[in-house]
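Below is one structure; the comments refer to it alone.
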């Protein structure tokens, strides 16, 4: 993903997404008209997918607005995870649309209808150009956000769809083999399925409170135990609040002397410096305990 985009502001993200959504919306109207006239499933599939692109970008914009709300009352993290729900929704819509197009493509593969090559070719060329511009606009937004990445994957798989349609149109014009249309659709179905599964995997990891993909929990435990005066680590949890916001909590058993000579705060400083330096985790909560405290934790018996 584009980790070099971290400096981009949410306002800039919104501008890029709105520009891409407007561009796709204008093109969608013309494509639906031609798809019906040309009787092309590949074009209609692309048009339908483009509609989900517009929905994906709209959902991403809505989630951005929610995520920018400050923490308040019961919402102690604010609405930051709205962006992850949006990413999961994008993953689901990609898979649903892939299934619908896949079924229709197989039906047309068995019983191919007549398809016009030239309208497919013209719209596919224009569609490729429109999607290249839309994808370029969205690539400039901060794709380290799973929300933005989800909308971007929609547009990117739509671009693949137009490339497939373009190839199918050329084959139909040169050979008259109309099955090229559903074959192109099936290739796009495979790409949509892959993008949808990846989005659901990444958003599901966050929604189910799994440790961030880049954090090895056992490696994290080893680093904490290497800090001077830390004797034992338990109740260790690592999770992600939203894209780019990992969090860690743990109970640390310290050398008894730390609580007598007042050095426990220095141990905490060293532990947090270790997390920031090795794991890029800035949001952490630690409970510092003497060894005798273990007897008061039922879960540790």
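Numbering (my numbering), first residue to last: 425 to 725. The beta carbon of each residue, even a glycine, is placed where N, CA and C say it ideally should be.
| message | Judging by CA-CA distance, which residue of 711, 695, 485 is the nearest neighbour of residue 435? | response | 485
| said: Between which residues of its own chain and residue 494 is the CB-CB distance below 7 Å, once the five residues before and five after are set aside? | reply: For residue 494, same chain residues with a beta-carbon under 7 Å away, outside a window of 5 residues either side, are 502 in chain order.
| request: Measure how close the beta-carbons of residue 408 and residue 680 come, nearest whole angstrom, since I'm counting them as under 8 Å. | output: The requested residue 408 does not occur in the structure, where the chain is confined to residues 425 to 725.
| Just curious, the alpha helix (DSSP H) that residue 556 is in, first and last residue? | 541 to 563
| task | Count the other C-beta atoms from every protein chain shown that fall within 10 angstroms of the C-beta of residue 676, then say buried if there are 16 or more, exposed otherwise. | result | buried
| query | Between residue 483 and residue 561, which are expected to be in contact by the criterion C-beta below 8 Å, what is the C-beta distance as a whole number of angstroms? | reply | About 17 Å separates the two Cβ atoms, so there is no contact after all.
| Where residue 538 sits in the DSSP three-state scheme | coil
| query | Do residue 465 and residue 667 have their C-beta atoms within less than 8 Å of each other? | reply | No, the Cβ-Cβ distance between residue 465 and residue 667 is not below 8 Å.
| said: Let me check one thing: in DSSP terms, what residues is residue 581 bridge-paired to? | reply: According to DSSP, residue 581 bridges with nothing at all.
| message | I want to know whether the segment 544 to 559 touches the segment 582 to 601 - three or more CB-CB distances under 8 Å. | response | yes
| task | Decide yes or no for the touch test of the segment 631 to 649 against the segment 602 to 618: beta carbon pairs closer than 8 Å, at least 3 of them. | result | No: fewer than three Cβ pairs fall under 8 Å.
| Hey, is the segment 533 to 549 in contact with the segment 624 to 632, meaning 3+ C-beta pairs nearer than 8 Å? | no
| said: By the DSSP assignment, the beta strand (DSSP E) with residue 711 in it spans what residues? | reply: 707 to 713
| Taking the C-alpha atoms as reference points, what is the distance between residue 654 and residue 568? | 34 Å
| request: Closer than 6 Å by C-beta to residue 491: which residues in its own chain qualify, once you throw out the five before and the five after it? Chain order, please. | output: Cβ-Cβ distances below 6 Å link residue 491 to 503, 504, 506, 507 in the same chain, with the five nearest sequence neighbours on each side left out; the list follows chain order.
| Does the segment 519 to 534 touch the segment 609 to 618, meaning 3 or more C-beta pairs lie closer than 8 Å? | yes
| DSSP state of residue 666 mapped onto helix, strand, coil | strand
| field | Pairwise C-alpha distance: residue 622 and residue 536 | value | 32 Å
| said: Given a cut-off of 8 Å on the beta-carbon distance, is the pair residue 471 and residue 487 in contact? | reply: no
| message | I'd like to know whether the C-beta atoms of residue 518 and residue 620 end up nearer to each other than 8 Å. | response | yes
| Going straight from the alpha carbon of residue 712 to that of residue 570, what length do you get? | Just so you know, the alpha carbons of residue 712 and residue 570 end up roughly 34 Å apart.
| So which of 597, 534, 576, 500 has the shortest CA-CA distance to residue 546? | Nearest neighbour of residue 546 by Cα position, chosen from 597, 534, 576, 500, turns out to be 597.
| message | Would residue 694 pass as an interface residue toward chain B - the criterion being a Cβ-Cβ separation below 8 Å? | response | Of the protein chains in the structure, only one exists, and it is not chain B.
| field | Candidates 641, 544, 669: closest to residue 468 by CA position | value | 544
| said: For residue 709, which residues in the same chain have their Cβ closer than 6 Å to its Cβ, ignoring the five residues on either side in sequence? | reply: 673
| Close-in-space but distant-in-sequence residues of the same chain around residue 692 (CB under 8 Å, 5 per side omitted) | Sequence-distant Cβ neighbours of residue 692 in its own chain, meaning closer than 8 Å and more than five residues away, are 710, 712.
| query | With which residues is residue 647 paired in a DSSP beta bridge? | reply | Residue 647 is not bridged to any residue.
| query | Expressed to the nearest angstrom, what Euclidean distance is found between the alpha-carbon atoms of residue 702 and residue 661? | reply | 16 Å
| said: When you compare the CB positions of residue 559 and residue 580, do they come within less than 8 Å of one another, or not? | reply: yes
| Nearest-angstrom Cα distance between residue 725 and residue 646? | Caution is warranted here: a pLDDT of 38 is assigned to residue 725, below 50, making its placement in the model unreliable, and the coordinate value is therefore given only provisionally. Going by the C-alpha atoms only, they are around 22 Å apart.
| Burial state of residue 393, where buried means 16 or more other Cβ atoms lie within 10 Å | Look at the range of the chain in this structure, 425 to 725, and you will see that residue 393 is not part of it.
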